[in-house]
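>
2 protein chains.
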Amino acid sequence: MSIGETTLYNEQTRARIAWYYYVAGLTQQEISDKLGLPRARVNRIVGQLRADGSVVVDIRLPLVSCVELEERLKTAFGLKLVSVVPSADDDEQQRRMLGDAAGVVLDSLLADGQCIGVGWGRTLIASIKRLRERELKDACVVSLMGGLTKGSETNTFEVSTELARTLGADCYYVTAPIYCPSAESREILLTHSGVNEVMARAKQADIALVSCGDLTSRTKLTAINTVNEQLPQLEKDGAIGEFLGTFMGADGDPVNHPLNRKVIAMPPADLKAIPHSFLISGGLYKAEVIRAILHKGYVNCLVTDEAVARRLLSPENRPKTSNRKAAATA
Amino acid sequence: MSIGETTLYNEQTRARIAWYYYVAGLTQQEISDKLGLPRARVNRIVGQLRADGSVVVDIRLPLVSCVELEERLKTAFGLKLVSVVPSADDDEQQRRMLGDAAGVVLDSLLADGQCIGVGWGRTLIASIKRLRERELKDACVVSLMGGLTKGSETNTFEVSTELARTLGADCYYVTAPIYCPSAESREILLTHSGVNEVMARAKQADIALVSCGDLTSRTKLTAINTVNEQLPQLEKDGAIGEFLGTFMGADGDPVNHPLNRKVIAMPPADLKAIPHSFLISGGLYKAEVIRAILHKGYVNCLVTDEAVARRLLSPENRPKTSNRKAAATA
DNA sequence: GTTGCCAAAATACAAATGTATTATACTGAA
DNA sequence: TTCAGTATAATACATTTGTATTTTGGCAAC
Chain A
194 MSIGETTLYN
204 EQTRARIAWY
214 YYVAGLTQQE
224 ISDKLGLPRA
234 RVNRIVGQLR
244 ADGSVVVDIR
254 LPLVSCVELE
264 ERLKTAFGLK
274 LVSVVPSADD
284 DEQQRRMLGD
294 AAGVVLDSLL
304 ADGQCIGVGW
314 GRTLIASIKR
324 LRERELKDAC
334 VVSLMGGLTK
344 GSETNTFEVS
354 TELARTLGAD
364 CYYVTAPIYC
374 PSAESREILL
384 THSGVNEVMA
394 RAKQADIALV
404 SCGDLTSRTK
414 LTAINTVNEQ
424 LPQLEKDGAI
434 GEFLGTFMGA
444 DGDPVNHPLN
454 RKVIAMPPAD
464 LKAIPHSFLI
474 SGGLYKAEVI
484 RAILHKGYVN
494 CLVTDEAVAR
504 RLLSPENRPK
514 TSNRKAAATA
Chain B
194 MSIGETTLYN
204 EQTRARIAWY
214 YYVAGLTQQE
224 ISDKLGLPRA
234 RVNRIVGQLR
244 ADGSVVVDIR
254 LPLVSCVELE
264 ERLKTAFGLK
274 LVSVVPSADD
284 DEQQRRMLGD
294 AAGVVLDSLL
304 ADGQCIGVGW
314 GRTLIASIKR
324 LRERELKDAC
334 VVSLMGGLTK
344 GSETNTFEVS
354 TELARTLGAD
364 CYYVTAPIYC
374 PSAESREILL
384 THSGVNEVMA
394 RAKQADIALV
404 SCGDLTSRTK
414 LTAINTVNEQ
424 LPQLEKDGAI
434 GEFLGTFMGA
444 DGDPVNHPLN
454 RKVIAMPPAD
464 LKAIPHSFLI
474 SGGLYKAEVI
484 RAILHKGYVN
494 CLVTDEAVAR
504 RLLSPENRPK
514 TSNRKAAATA
């Protein structure tokens, strides 16, 4: 069912527990008595129901401060759709809110015959969980970037697989590493029929879902070895963050660094041809990267948090060099 | 905001708490710290959010046993729409589930320009809370029955008022008591222009929402004095329950009892002219009444619980005289 | 049969939540 | 200013929930 976890017990029991717990309002003890299950199991199932999107909550109170920010961002950056959620201190919590909001927006946008390009990141995973399951006709999901060689707990393949499953769509994978050993091997792979075709298909996508990261270890991508050891040099070369595997400077242009010549992913500029391209990212430490991406107009839809929204709208108020890694200063 | 309770604190704080608690997953303590509110208040607000429908949960796992019963009920009684929810031991819990299900069905049915007739009952109140707030154009809500003189905590007026507010519709009230002092006074009131017009408008409704009750004190209507003291005689006259203020026998026909000649409400038979007429009622002790209503074809849509559904589908298996009042047997 | 292994249940305890009670601050009238 | 009266916050405690640990009951290999 979900991405990581295995599903406890059978669907029907889970559904029944959902009703009794979330709708009728029984306690877990009452449910365990009624259904003849150990309370511990009921407890774990209840926990899973929310986590895997089997039970979804809908907040029917608009947050005016967020709605207002959404409007201002639309005009300031010429965006089609913007969703602003409250800010959180914790990354995991922030991702849940961003994912939820993204899911809500996306739910209203998906239709038969569409092609959805998808990047990578924990925020994207969160948003897929919030999507309603469907059986879209003639729809497909395309990965916008290569995979990670060292099996991170969530690889790019899993994101696209899970999205495809949720939508009942076909899935196309970029069967190549996100970073090739060399620029030459990248060229070779890109001429490979398979990779080639998938990348071409990605360009035709109707919707793209992409996240971004900064250069701290909070961002998952920079945690992988290939990137991690390059961080000092990347910073020296003016990189402030990553978007679709590409490292970019404060102006939104890719920096001149070897990794950018080894990356196998859709080039950010190609997103501009996609009708609905989403940047789903939040957390104040990513504000600078987000600003760069919006400034360059790579995307036309945004899901972010309140604090970032305010920062984006404030006059070119450079984010202070907050919790940057104390590495390369040579 | 809601029907009974007064709303704690301001909307915006409530919305923020909803996000942090239900989406981000903060504890109430963390929220109280973050927002600088006493934890007890956060706790009470969280409790209210669910209760008043500001936060709504959506279960995305179908219960096959219920789905199956829905289909069988459709064919067995020639119904347009049926929703079956799990059964509960407690009436309040059962109402929450019935209300939730009714709200979901209704949400997909409501449209501009519609006229919605509404009866009375705690189950109906529960279902209104689940409805999405809207601003329907040219829609109206009409009460299908007179009001209670002795202020019950939830009068018929409040049900229609709240539904109208939720839908952004106009509201028409039957400004008369549900039971007149005499058949004569009833006739006089029915010729009164106001009452008259509203009753006429009710006949034109596109959707009707009605509940029903048995003759025990579990049913709210029988708890009011006028009815309560008549119960022995009603049973003697063959009544098994109440529907739109009218007392009916096991065959679904109104019984010959004075109350039925004093009632100010839409006659059950008039429902047949309404495109979508809902019976929203559950609990095994109401099965007999529900069966009578369905048998007579007064309604074409049903929301009930699993146990009742099974009873309805089982061969004319008279419900055993379970918890009937030990009154009139003379 | 015995043994070892695994999975599921029972148990026990810690954290979070719900609720009542007491304390405090605020308001308006004398 | 004082004094109710009220409303809000602090506190304390009972219940419910979350999680780790122990126990039990198969089941397969020996």
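Taken in sequence, the protein lines are chains A and B.
Here this note's numbering is used: the first residue of the first sequence is 194, the next is one more, and so on.
Here this note's numbering is used: the first residue of the second sequence is 194, the next is one more, and so on.
The C-beta atom is built at its ideal place from N, Cα and C for all residues, glycine as well.
Treat the numbers as computed from the prediction; the structure is a model and nothing was measured.
(1) Could you tell me the boundaries of the beta strand (DSSP E) in which histidine 469(A) lies?
(2) Output the boundary residues of the beta strand (DSSP E) element that contains methionine 441(B).
(3) According to DSSP, simplified to helix, strand and coil, what is cysteine 405(A)?
(4) At which residues does the beta strand (DSSP E) containing leucine 495(A) begin and terminate?
(5) Whole angstroms are fine: how far does the CA of cysteine 494(A) sit from the CA of glycine 415(B)?
(6) Can you grab the Cα-Cα spacing for the pair glutamate 204(A) / asparagine 236(A), in whole Å?
(7) Straight-line CA distance for alanine 480(B) to alanine 319(B)?
(8) Starting from the beta carbon of glutamate 212(B), find every residue of chain A whose beta carbon is closer than 8 Å, and list them in chain order.
(9) What separation, rounded to the nearest whole angstrom, lies between the Cα atoms of valine 239(A) and tyrosine 214(A)?
(10) By DSSP, does serine 386(B) sit in helix, in strand, or in coil?
(11) Spell out whether any CB of chain A is found under 9 Å from the CB atom of arginine 207(B).
(12) If we cut at 9 Å on Cβ distances, does isoleucine 196(B) have a partner in chain A?
(13) With DSSP collapsed to three states, give me the class of alanine 217(B).
(14) So, under 8 Å CB-CB, aspartate 305(A) and leucine 324(A) are touching, yes? Tell me the CB distance rounded to an integer number of Å.
(15) What does tyrosine 372(A) reach in chain B if we use C-beta pairs closer than 8 Å?
(16) Output, in chain order, the set of chain B residues within a Cβ distance shorter than 8 Å of aspartate 498(A).
(17) With a 10 Å radius around its C-beta and 16 neighbouring C-beta atoms as the bar for buried, classify valine 482(B) as buried or exposed.
(18) Would you kindly work out how many angstroms separate the C-alpha atoms of valine 249(B) and phenylalanine 436(A), rounded to a whole number?
(19) Could you tell me which of Lys455(A), Ser247(A), Lys429(A) sits nearest to glutamate 377(A), measuring between CA atoms?
(20) For glutamine 241(A), would you say it is in contact with chain B, using Cβ-to-Cβ distances shorter than 9 Å as the test?
(21) Counting along the chain, where does the alpha helix (DSSP H) carrying aspartate 293(B) start and finish?
(22) Who are the near neighbours of lysine 273(A) in its chain, counting only those whose CB is closer than 6 Å to its CB and skipping five residues on each side?
(23) Examine chain A for any beta-carbon lying closer than 9 Å to the beta-carbon of threonine 199(B), and answer yes or no.
(24) Round the Cβ separation of glutamate 422(A) and leucine 408(A) to the nearest angstrom and send it over; I've been treating them as touching at under 8 Å.
(25) Terminal residues of the continuous beta strand (DSSP E) containing valine 278(A)?
(26) Looking at the C-beta of glycine 475(B), does it have a partner C-beta in chain A at a distance below 9 Å?
Taking the structure as given:
(1) 469-473
(2) 439-441
(3) Correct three-state label for cysteine 405(A): strand.
(4) 494-498
(5) It should be pointed out that residue 415(B) corresponds to threonine in this sequence rather than to glycine. The straight-line gap from Cα to Cα measures roughly 57 Å.
(6) Note on geometry: alpha-carbon atoms of glutamate 204(A) and asparagine 236(A) lie some 15 Å from one another.
(7) 20 Å
(8) This sequence places tryptophan at residue 212(B); glutamate is not what is there. Residues of chain A passing the Cβ test: Ile252, Leu256, Val278, Pro279, Met290.
(9) About 8 Å.
(10) helix
(11) yes
(12) Low local confidence applies: a pLDDT of 40 at isoleucine 196(B) is under 50, so the model's placement there is unreliable, and no value is given.
(13) helix
(14) Contact flag wrong, Cβ pair sits at about 15 Å.
(15) Those within 8 Å of tyrosine 372(A) in chain B number zero; the least Cβ separation is about 33 Å.
(16) Here the premise fails: no neighbours, minimum Cβ distance about 10 Å.
(17) buried
(18) 35 Å
(19) Lys455(A)
(20) no
(21) Following the DSSP letters along the chain, one finds aspartate 293(B) inside the alpha helix (DSSP H) bounded by residues 284-300.
(22) Asn493, Cys494
(23) In this prediction, threonine 199(B) has a pLDDT of 47, which is less than 50 and means its spatial position is unreliable; nothing more can be read from the coordinates.
(24) The pair is not a contact, with the Cβ atoms about 13 Å apart (cut-off 8 Å).
(25) 274-278
(26) no
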